Structure formats: structure tokens, C-alpha cells
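Numbered according to numbering that gives the first Met the number 0, the sequence shown terminates at residue 277, and the numbering increases by one at each position without gaps.
The beta carbon of each residue, even a glycine, is placed where N, CA and C say it ideally should be.
These figures come from a predicted structure and were not determined experimentally.
A quick write-up on the structure given underneath.
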Amino acid sequence: MAGKQDAWLGLIVGNSRWHWGAFAGHRWLGAWHTSHLSESQVKALEQGHFAPASFQRLGLDPGIWASTAGWNDAGVAHPELWLASVVEQPLGWLADYPALHVMTTAQVPLQNTYATLGVDRALALVGAGETWGWPTLVIDCGTALTYTAGVDQRLIGGAILPGLGLQFRALGEHTDRLPGLAPEENSWPQRWATNTAEAIASGVLHTVLASLCDFITAWKTDWPDGRLVLTGGDSAAIAAYLTHRAPDLARQIKRDPDLGFWGLRACRQRTLKKSTDL
0 MAGKQDAWLG LIVGNSRWHW GAFAGHRWLG AWHTSHLSES QVKALEQGHF
50 APASFQRLGL DPGIWASTAG WNDAGVAHPE LWLASVVEQP LGWLADYPAL
100 HVMTTAQVPL QNTYATLGVD RALALVGAGE TWGWPTLVID CGTALTYTAG
150 VDQRLIGGAI LPGLGLQFRA LGEHTDRLPG LAPEENSWPQ RWATNTAEAI
200 ASGVLHTVLA SLCDFITAWK TDWPDGRLVL TGGDSAAIAA YLTHRAPDLA
250 RQIKRDPDLG FWGLRACRQR TLKKSTDL
């Protein structure tokens with residue numbers, strides 16, 4: 000097992016994008032995101048030892064991490080890759096990588112899980128609990144909008160509905176004449192709209208925000224001291240909409256886009272501790 004200061008990567012493969020995070024031991028270096036990659040792209044990254052330059056050669060932007068001091072100072076030939084995926088393909092493509100650590104829901108330090116609970120939801124909940132404290136409700140604003148609640152590393156339960164972007168796109172993709180739209184953080188539609196595009200925006204936003212307010216109110220009723228954490232690709236937009244719609248509720252919410260990586264880091268630390276205790 001690698002030492003505490005070794006370079007390592009976290010990779011969370013979601014429904015729409017791949018989420019990458021770089022660490023030097025416990026220290027966070029940064030995150031970046033890519034679309035779903037092909038097998039040949041994955042093999043090219045593997046051959047380049049997942050160094051920033053290997054991403055850049057593929058035209059992928061690893062963001063600020065590329066210029067961050069501290070990445071792989073020890074010259075590790077095969078940096079650890081901690082992988083959690085909700086789809087199967089990447090697991091096969093990376094199966095031969097010598098420093099691969101695949102995380103499943105069963106391996107996440109979370110009690111009371113069920114067989115179909117996504118590993119991304121489990122990691123985000125543990126990451127929120129480790130970082131912000133328990134009890135905690137994680138609202139993941141991604142392709143799906145998910146509510147995941149837990150107390151003392153134990154899952155209480157949750158809910159799933161189509162995410163903000165998915166709802167905006169759905170009518171355009173599944174009807175002949177209605178437009179597909181995208182959420183705009185700085186745009187607030189009238190409830191009683193007078194054109195089709197604004198009517199869609201009104202319907203989606205007011206319905207999603209009603210759901211958010213209802214779940215948040217129920218959570219605070221059951222757990223008055225419980226934490227509320229937003230994460231996911233649409234979390235900035237959701238936070239802005241909530242501030243407009245329900246400022247008192249919005250002030251109680253933290254936004255942390257990297258919860259899944261805090262969960263991966265907690266899993267890695269737990270594994271390291273087990274290996275040193277043997």
C-alpha cells in the first residue's frame with residue numbers, strides 16, 4: 000500500500016460525466032470533469048500514468064491541478080486510482096491497471112444501505128458527514144436530483160427525481176414543437192408565463208423548488224440540527240434559485256461540489272488504517 004504522501008487520483012464515473020480529483024496524501028489538489036471517455040482514451044491516460052500532460056495530449060483540460068505543485072513528487076510509477084462508477088465499462092477498461100482500487104457501495108463505511116443504492120450517493124453522504132458533520136441531508140443536483148439522508152454513518156433514506164437540466168431538455172427531446180432549454184442562474188421566470196419557453200422554465204423551476212423546499216422543511220422538522228449540503232453540476236444554479244425563492248432556507252445550506260471525493264478519501268484512509276493495523 001502506498002504511503003500517506005503519495006500522489007493518488009479519485010475518479011467518480013457518473014451518468015453524464017467523469018469526475019476526477021487529485022490528491023497528495025490527504026492534501027486536496029483539485030478537481031476537473033470530462034465527458035464519458037472511450038476505451039482508447041482511457042488506455043492513453045493509463046500509459047501516461049494519469050499525469051496532467053496525458054490529459055492535455057487528448058485535448059482534455061485538467062484545470063488548475065495541472066499547475067499545482069506537489070503532484071507525484073515521489074515519482075510513483077503507477078499512482079493509485081480510486082474508482083467509483085455507476086456504469087460498468089470503465090471497470091473493464093482499467094482492470095489491468097496495477098494500482099486500481101474499485102469502490103462499491105458495500106465498501107463505503109455506511110450502514111443500512113440497500114443493494115441498488117448508487118456508490119456515488121453513498122460516497123457523497125459519507126463525504127458530507129465527514130466534512131460537515133452528522134446528521135446530514137445531501138442534495139445532489141446532477142443528471143438526477145437526489146436526496147440522501149444519514150445519521151452517524153447510517154443511511155436513513157432518500158428520493159430521486161429527474162434533474163434540473165434533464166427536465167429542461169425533456170420536452171424538447173420528446174415532443175415535436177416544444178423547445179429544449181437550459182437552466183440560467185440569473186434568470187427568474189414569471190410564474191404565469193406568456194410565451195412557451197418561459198412557461199416551460201416556470202413549470203420546471205417552480206416545481207423543482209417546491210420539491211426542494213418541501214424536502215428541506217421535512218428534514219429540518221425531523222432533524223432540527225441536521226446539516227444540508229448541495230453538490231452536483233447544477234448546484235450553483237439551484238443555490239441561486241433557492242436564494243431567490245426561499246432565502247431563509249438557502250442560508251441554512253452549504254454548497255460543496257466535491258463531496259464524493261471527500262467520501263473516497265475517507266474510504267482510502269480507512270483502508271490504509273486497516274493495512275497498518277494488520
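Euclidean distance between Cα positions of A121 and T193 | 42 angstroms
Endpoints, beta strand (DSSP E) assigned at P161 | R153 to P161
Per the contact definition of three or more C-beta pairs closer than 8 angstroms, is the region 111-127 in contact with the region 255-275?
-> yes
Give a yes or no on contact between the region 177-190 and the region 137-144, applying the rule of three or more CB pairs nearer than 8 angstroms.
-> no
Could you tell me whether the region 150-160 touches the region 107-121, where touching means 3 or more Cβ pairs closer than 8 angstroms?
-> yes
Kindly confirm or deny that the region 77-88 and the region 226-246 touch, where touching means at least three C-beta pairs closer than 8 angstroms.
-> no
Straight-line Cα distance separating A148 from H205 = 23 angstroms
Counting pairs of Cβ atoms below 8 angstroms between the region 132-141 and the region 94-102, do you hit three or more?
-> no
Distance, Cα to Cα, R226 vs K42?
-> 40 angstroms
For I199, is the classification buried or exposed, using 16 other Cβ atoms within 10 angstroms of its Cβ as the cut-off for buried?
-> buried
Does the distance from the C-beta atom of D119 to that of G13 stay below 8 angstroms?
-> yes
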